[in-house]
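Number of protein chains: 2
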Amino acid sequence: MTNRVETDSQVLLEDEALRDGLQMESRIFSLEQKLQFFRMLQDAGIKRIQVGSFVHPKIVPQMADTDELIRAIDLQRGPVVSALILNDKGLERALKCAVPHVSMSVSVSDTHSRKNAHRPAAEALASMTRLIRQALESGLDVRAGLQCVFGCVYEGRISENAVLRAADKLIATGATEINLADTTGMASPDAIRHMVHRFRQEFPGITVSLHLHDTRGLGLANMFSGYDAGVRSFDVCTGGLGGCPFVKGAAGNVPTEDAVNMFESMGIKTGIDLKATCQAVAFLEKVLGRVLPGRMKRVLDNQQVCTWQ
Amino acid sequence: MTNRVETDSQVLLEDEALRDGLQMESRIFSLEQKLQFFRMLQDAGIKRIQVGSFVHPKIVPQMADTDELIRAIDLQRGPVVSALILNDKGLERALKCAVPHVSMSVSVSDTHSRKNAHRPAAEALASMTRLIRQALESGLDVRAGLQCVFGCVYEGRISENAVLRAADKLIATGATEINLADTTGMASPDAIRHMVHRFRQEFPGITVSLHLHDTRGLGLANMFSGYDAGVRSFDVCTGGLGGCPFVKGAAGNVPTEDAVNMFESMGIKTGIDLKATCQAVAFLEKVLGRVLPGRMKRVLDNQQVCTWQ
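As they're listed, the protein sequences go chains A and B. According to our numbering, numbering within the first sequence proceeds without interruption in unit steps and concludes at 1101. According to our numbering, numbering within the second sequence proceeds without interruption in unit steps and concludes at 1101.
Written as structure tokens, this is what we have:
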């Protein structure tokens, strides 16, 4: 079907359900439930898992046990374990529990930055570059990210040049992976293609990964477009968790299982077992007591033949 | 954002909610409700609307009043009105109520054809080509279609050559628009691209349109890929109606409103008003008493800024 060359035939899917998913849930998972879920993802073959964030437990109580969770995981084998940090205190906690990989990100929308991070985008960026340098000097693997890259609900379109300027500052720290986030789900396949082409032209040798929200149903279309433009790393959430649980019909991240199905159906290897991932979806749905937006669990439940894996 | 040429900047979206959507619903819409919904689609700017099918009322009671519905519509103005026919009796009814445009299709999967149309695919194709010739001779505009083009739940992958051979027979009748249907939602963006490229190479001058089911969440990704490969006509269903209402989580067609958002966000004109389409979604949701899978109504309901239209 595909005539891509061999080196093009695999992608890295980073599951963020434990962080971007669970941080939005009113139901707080126990440490044991998080561990059980982590092991299901590990058994399914997920290669990188963002297990939580180091934020103030009063602000995001769902993430309060991130340190403890990481200590309970065997970091010497299995997937790369990652966590999100936002400030010095977060970096301190990350180093203390020996998580090997951290993500950090700032918004390119000034209004969004002021509302979400309570400071102007330029100030947030300056402070983040300092933090990234510290993390790199401490020996951590770092992924630096930009939020609202493809649009902001307050500011509308964001200029590509502004994104590239911000990325340039992140890259100057020594970070070699830049995550571009469609925080609002406003990206189009064309916008993704255009941005990725410019980014890769401007920063050869830097890994670009995409974090795509499915708010307008374009998550997989944007992921395909990103792949087509050369991206090989994508964030996903088991079941399509994420988004806002208080808004009926609001959508989260691209469901891991649906991304696996898309890539595998095109002969692109994910290294992830679809059935095992759907068992992890079933676990989440049982704990949360609701049906999640991902499609492939339903397809398998209905025993519709899936010929791709 | 986009650097496409002007002639590339529009698409035809054919809404099939009145046929492919309502035929699956246990709740039967009254003639007045169908008319009201049709007028909402017309007011939203939809250019072609498939309003029903001429099938036996005992088998598909939801479509029993298709003739009456067409007679109640002013066919001289507004969108092109189309209906689905399957046999001689259907053609007779189509001519009697003066519908100007008809769709006909057969499956390229032999097993699916035997199960769904109760005869081998080759026999169904032969009989359909005869029917298409009759319809064309009677002065009708005809769209000829193939089902299960991108996979079959019974047979798995379908060979591209088999699809092209069947298309060749349809085109030999004089039909100038061929609809390729992903009946099972098994297409991938790569498979769409490859098939469309081969089709357009083999049959220059023939319009190819796509009918994409969203079972695996790939409806919009496949639509984008089809557009990218040169397709300019797509089937959609308001709200994402269709699929099987008895299977929880089963998905229907690509939601009209989400397709409108995708294309308009890329600067490609649909001629369709997003807000008006979402009002049609609201009407369907009220009559059916459930939330439909399309995303854009929820986005607008939550007053998230939509900057593209």
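Glycine residues also receive a C-beta, built at the ideal position from the N, C-alpha and C atoms.
Proximity of B/Val1091 to chain A, defined by a Cβ-Cβ separation below 8 angstroms, is satisfied. Taken atom to atom, the span from the alpha-carbon of A/Phe1016 to that of B/Asp866 is near 42 angstroms. Rounded to the nearest whole angstrom, the C-alpha separation of A/Arg906 and A/Val941 is 16 angstroms. When rounded, the separation of the alpha-carbon atoms in A/Thr965 and A/Leu923 is 9 angstroms.
DSSP places A/Ser874 inside the beta strand (DSSP E), whose first and last residues are Val872 to Ile877. Inclusion of B/Ile970 and B/Ala979 in the CB contact set at 8 angstroms is not warranted, their separation being larger than that value. Taking all protein chains shown into account, A/Lys839 has 16 or more neighbouring C-beta atoms within 10 Å of its C-beta and is therefore buried. Around A/Gly870, the same chain offers Gln834 as residues with beta carbons nearer than 7 angstroms, after the five sequence neighbours per side are excluded. Of the candidates B/Asp974, B/Asp807, B/Met896 and B/Ile1060, the residue whose Cα lies closest to the Cα of B/Gly1011 is B/Asp974. At least one C-beta of chain A is nearer than 8 angstroms to the C-beta of B/Asp982.
In this structure, B/Asp1050 and A/Gly1009 form a Cβ contact; the two beta carbons are roughly 5 angstroms apart against a cut-off of 8 angstroms. In this structure the region 1023-1033 of chain B does not touch the region 991-998 of chain A; the number of beta carbon pairs closer than 8 angstroms is below three. When only Cα atoms are considered, B/Asn1014 and A/Ala875 end up about 33 angstroms apart. By the Cβ neighbour-count rule, B/Gly1022 is exposed, with fewer than 16 other Cβ atoms within 10 Å of its own.
The residue from A/Asp857, A/His893 and A/Tyr1019 with its alpha-carbon nearest to that of A/Ile841 is A/His893. Closest option to A/His986, judged by alpha-carbon separation, among A/Ala918, A/Asp1020, A/Pro996 and A/Ser930: A/Asp1020. With respect to the 8 angstroms criterion, A/Gly837 and A/Asp1065 are classified as neighbours on the basis of their beta carbons. Considering only B/Phe829, B/Lys961, B/Val872 and B/Tyr946, the residue with the shortest C-alpha distance to B/Ser919 is B/Lys961. Listed in chain order, the non-local C-beta contacts of B/His1003 below 6 angstroms within the same chain comprise Asn971, Ala973 and Asp1027, local neighbours out to five positions each way being set aside. Non-local C-beta neighbours of B/Ile950 in its own chain, meaning closer than 8 angstroms and more than five positions away in sequence, comprise Val900, Ser901, Cys940, Val941, Phe942, Gly943 and Cys944, ordered along the chain. Taken atom to atom, the span from the alpha-carbon of A/Val1052 to that of A/Val1091 is near 13 angstroms. For B/Asp1050, the residues of chain A that pass the 7 angstroms Cβ criterion are Arg1008 and Gly1009, in the order they occur in the chain. Straight-line measurement puts the Cα of A/Ala909 at about 28 angstroms from the Cα of A/Leu823. For B/Ala1074, no CB of chain A lies under 8 angstroms from its own CB, so it is not counted at the interface with that chain. Look at the region 882-904 of chain A: it has no residue with a C-beta under 8 angstroms from a C-beta of chain B. Across the region 1044-1068 of chain A, CB contacts with chain B closer than 8 angstroms involve Pro1047, Asp1050, Asn1053, Met1054, Ser1057, Met1058 and Gly1059, in sequence order along the chain. Between A/Phe830 and A/Leu804, the alpha-carbon positions lie close to 17 angstroms from each other.
Sixteen is the threshold: since fewer than 16 other Cβ atoms of the shown chains lie within 10 Å of the Cβ of A/Gly1063, the residue is exposed. In summary, B/Val1083 is exposed, with fewer than 16 beta-carbon neighbours lying within 10 Å of its beta-carbon over all protein chains present. Closer than 7 angstroms at the C-beta level to chain A, one finds no residue of the region 818-845 of chain B.
No Cβ of chain B is located within less than 8 angstroms of the beta carbon of A/Leu1080. Note on geometry: alpha-carbon atoms of B/Gln1071 and B/Val1000 lie some 30 angstroms from one another.
Secondary structure of A/His1003 (DSSP, three-state): strand.
About 11 angstroms separates the Cβ atoms of A/Ile877 and A/Met855, ruling out a contact at the 8 angstroms cut-off.
Only residues of its own chain outside the window of five on either side were considered, and among them Phe846, Ala875, Ile877, Val894, Ala927 and Leu932 have a CB closer than 8 angstroms to the CB of A/Ala886, listed in chain order.
B/Ala1013 belongs to the set of residues whose beta carbon lies under 8 angstroms from a beta carbon in chain A.
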